[in-house]
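Quick notes on the structure that follows.
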Amino acid sequence: MPVPVSRPFSEGSRLRAGVAAVAGGPAAYLSVGSGGVPVLLLHGFAGDRLTWQFNLSALSARRRAIAVDLPGHGGSTPDVGSGRVADFAPWLVEFLDGLELPRVHLVGHSMGGYVARELAGLAPDRVASLTLLSSAGLGTPFDLDFLRRAIAPADVAEARACAERLFAGPSPLISRFGEVLHAQGADPIRRAALERIIEVSFAAHADGGGPPVDWSAYPMPVQVLWGREDRIIPLPPADRLPPDAPFRVFDNAGHLPHIETASPVTAAIRTFLDGCDDRRSGHPSAEPTRP
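Residue numbers (my numbering): 2 to 292.
This is the structure we're talking about:
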């Protein structure tokens, strides 16, 4: 569950902001780079596209990198429908159509990982690979009480305490995260959308369990990345992971490894995406990925 940090991009940056017209409501996004098989980044619960600010530029070295706000988040439609996050997948298909993107690599963090997996199952021909980062939806328990407190903190002190749980240790970003959580909780439209998502999509699954994911339904290469000290969604047991898929755990990282350990996480994503592309093109240096 990341939250927006700041808007660090200058007007002269190569980064471009846009809004795509989608039948289910507008989709706000950031885009940088061009060419290659694009990578689409999906943020976590109560976050937005800015949570990828430490990764976008590096990921655009060989391809276009796009970060989109999911419904109920950031500048996209505030309408979350029934509150089922699985319904964000067809909305994303419309988004890909609007940007004329026939095929993308998917990277999803936390709730965004669950949505990425739903999209990969719905339209596997549109997904070149799947990277799950501290992902929800793998059947592991998670901190439901934290989610409820984080979207409606009583005061700045409680908001900061929630922000601290996202990190493995002290960080200069915690104060800013707390400020954003507190401001976000004061927005009745945003708060109502997030409450609906929690109660419809998360509340019944906080204790984990349920049937394991049928990974045979995902023909694309998959990798899983996690922060070793994640206190929101703990490390998943081995039997919940896709067989033969790369699984990397990053030290000194909690629930936000792409922020806390941005360089090694971004490098792992880049290496995986490049390897998938090279393997598909028959490049002799391609590293093996999940069959």
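No residue lacks a Cβ here, since even glycine has one placed at the ideal position from N, Cα and C. Keep in mind it's a predicted model, so treat the numbers as computed, not measured.
{"Query": "Within 8 Å, strictly: CB atoms of Val-116 and Leu-71", "Result": "yes"}
{"Query": "Coil, strand or helix - Gly-19 by DSSP", "Result": "strand"}
{"Query": "Spatial distance of Pro-235 from Gly-209 (CA atoms)", "Result": "11 Å"}
{"Query": "Under 8 Å between C-beta atoms of His-206 and Arg-232", "Result": "no"}
{"Query": "For Gly-276, three-class secondary structure by DSSP", "Result": "helix"}
{"Query": "Beta carbon proximity, Phe-55 to chain D, threshold 8 Å", "Result": "No chain D appears in the structure shown, which is made up of a single protein chain."}
{"Query": "Burial state of Gly-73, where buried means 16 or more other Cβ atoms lie within 10 Å", "Result": "buried"}
{"Query": "CB of His-44 within 8 Å of CB of Gly-113, strictly", "Result": "yes"}
{"Query": "Ser-135 classed as buried or exposed, judged by whether at least 16 other C-beta atoms fall within 10 angstroms", "Result": "buried"}
{"Query": "DSSP bridge partner residues for His-110 (one or two, in chain order)", "Result": "Leu-134"}
{"Query": "Proximity test, Gly-84 beta-carbon vs the ligand FMN heavy atom, cut-off 7 Å", "Result": "Looking for the ligand FMN in the displayed structure turns up nothing, as the structure carries no ligands at all."}
{"Query": "Start-end ranges of the alpha helix (DSSP H) lying completely within the stretch 146 to 183, minimum 4 residues", "Result": "157 to 167"}
{"Query": "Contact belief for Thr-267 with Ala-59 at Cβ below 8 Å, rounded distance in angstroms", "Result": "5 Å"}
{"Query": "Secondary structure, alpha helix (DSSP H): runs of 4+ residues fully inside the stretch 180 to 225", "Result": "189 to 198"}
{"Query": "Cβ-based burial, Pro-247 [other Cβ within 10 Å; buried from 16]", "Result": "buried"}
{"Query": "The stretch 216 to 231 in contact with the stretch 120 to 140 per 3-pair CB rule at 8 Å", "Result": "yes"}
{"Query": "Bridge-paired residues (DSSP) for Leu-42", "Result": "Ala-68 and Val-108"}
{"Query": "Inter-residue Cα distance where the pair is Ile-199 and Ala-90", "Result": "17 Å"}
{"Query": "Simplified DSSP assignment, three categories, for Glu-12", "Result": "In this prediction, Glu-12 scores a pLDDT of 35, lower than 50, which makes its location untrustworthy; the coordinate-derived value is nonetheless stated afterwards. It is coil, neither helix nor strand."}
{"Query": "For Arg-229, the nearest candidate out of Ala-153, Phe-96, Ala-254 and Leu-195 (CA to CA)", "Result": "Ala-254"}
{"Query": "Cβ-Cβ distance between His-110 and Val-40 below 8 Å", "Result": "no"}
{"Query": "Contact the stretch 93 to 106 vs the stretch 118 to 133: 3+ CB pairs below 8 Å", "Result": "yes"}
{"Query": "His-31: first and last residue of the uninterrupted beta strand (DSSP E) it sits in", "Result": "Strictly speaking, residue 31 in this sequence is Leu, with His absent from that position. Per DSSP, Leu-31 belongs to the beta strand (DSSP E) from 28 to 33."}
{"Query": "Three-state secondary structure (DSSP) of Ala-239", "Result": "helix"}
{"Query": "Among Ser-83, Thr-78, Gly-19 and Ala-62, nearest to Phe-203 - alpha-carbon criterion", "Result": "Ser-83"}
{"Query": "Contacting residues, own chain, Cβ-Cβ under 6 Å from Leu-123 (five flanking each side not counted)", "Result": "Ala-90"}
{"Query": "Nonlocal neighbours in the same chain, by C-beta distance under 7 Å from Val-81, ignoring five residues either side", "Result": "Pro-72, Gly-73, Ala-194, Arg-197 and Ile-198"}
{"Query": "Sequence-distant residues of the same chain with beta carbon closer than 8 Å to Leu-57, five excluded per side", "Result": "Leu-16, Leu-31, Val-33, Leu-42, Ala-66 and Ala-68"}
{"Query": "Range of the contiguous beta strand (DSSP E) that encloses Phe-251", "Result": "248 to 251"}
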